[in-house]
Amino acid sequence: MDTGLSIAEAADLTGLTADTLRYYERDGLMLRAVPRAASGHRQYADGDIEWVRLITKLRSTGMPIRDVRRYADLVRAGEGNEQERLDLLRAHRQVVLARLAEVQDHLGAVDYKIGIYEDRLNEVQELSA
2 MDTGLSIAEA
12 ADLTGLTADT
22 LRYYERDGLM
32 LRAVPRAASG
42 HRQYADGDIE
52 WVRLITKLRS
62 TGMPIRDVRR
72 YADLVRAGEG
82 NEQERLDLLR
92 AHRQVVLARL
102 AEVQDHLGAV
112 DYKIGIYEDR
122 LNEVQELSA
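Throughout the sequence shown, residue numbering follows the numbering used here, covering 2 to 130 in sequence.
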């Protein structure tokens with residue numbers, strides 16, 4: 002990327018608010034300090050946007066901020082801690098799988114009730130035909 006994106010442009014690309022992006026910076030969730038132009042405005046690079054998208058996905062799957070911060074710390078530390086990163090992501094994956102199974106179970110209950118009502122409506126239509 003030749004020029005950096007403003008915080009408004011980064012917010013548009015990521016679907017987050019500028020306040021959320023500032024929070025991610027303040028709370029140590031970004032991989033680096035986002036550079037600033039001579040004017041003082043932030044200049045997000047492609048890598049920053051990709052990282053924010055990953056953070057968003059981790060948060061959307063329920064990863065706690067402390068774990069996102071820990072993951073960011075590990076990535077920032079560089080090579081040599083890949084096993085810790087893998088362990089953290091595998092543990093989170095287990096949590097996501099458990100939530101997914103729970104949601105699938107709930108969906109099964111909804112589908113069951115839908116089936117009951119569809120059967121009833123079909124019976125009513127057959128009787129009135």
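Yeah, the Cβ is synthetic: ideal placement off N, Cα and C, and Gly gets one too.
Source: prediction; values computed, not measured.
I think I8 touches L22, with their Cβ atoms under 8 Å apart; what is that distance to the nearest whole Å? Here residue 8 refers to the residue found at position 7 when the sequence shown is read from its first residue. Here residue 22 refers to the residue found at position 21 when the sequence shown is read from its first residue. The Cβ separation is near 6 Å, so the contact holds.
Per-residue burial, R43 [other beta carbons within 10 Å of its own, 16 or more giving buried]: The residue you call residue 43 lines up with position 42 of the sequence shown. So R43 ends up on the buried side.
From the DSSP output, in three-state form, read off M2 for me. As a first step, residue 2 must be located in the sequence shown, where it is residue number 1. Caution is warranted here: a pLDDT of 44 is assigned to M2, below 50, making its placement in the model unreliable, and no coordinate value can be reported.
R43, DSSP secondary structure in three states: Here residue 43 refers to the residue found at position 42 of the sequence shown. Residue state for R43 is assigned as strand, using DSSP reduced to three classes.
Let's test the definition: count the other Cβ atoms within 10 Å of the Cβ of Y113 and tell me whether it reaches 16, buried, or not, exposed. Within the sequence shown, residue 113 is the residue found at index 112, counting from 1. Around the CB of Y113, fewer than 16 other CB atoms lie within 10 Å, so the residue is classed as exposed.
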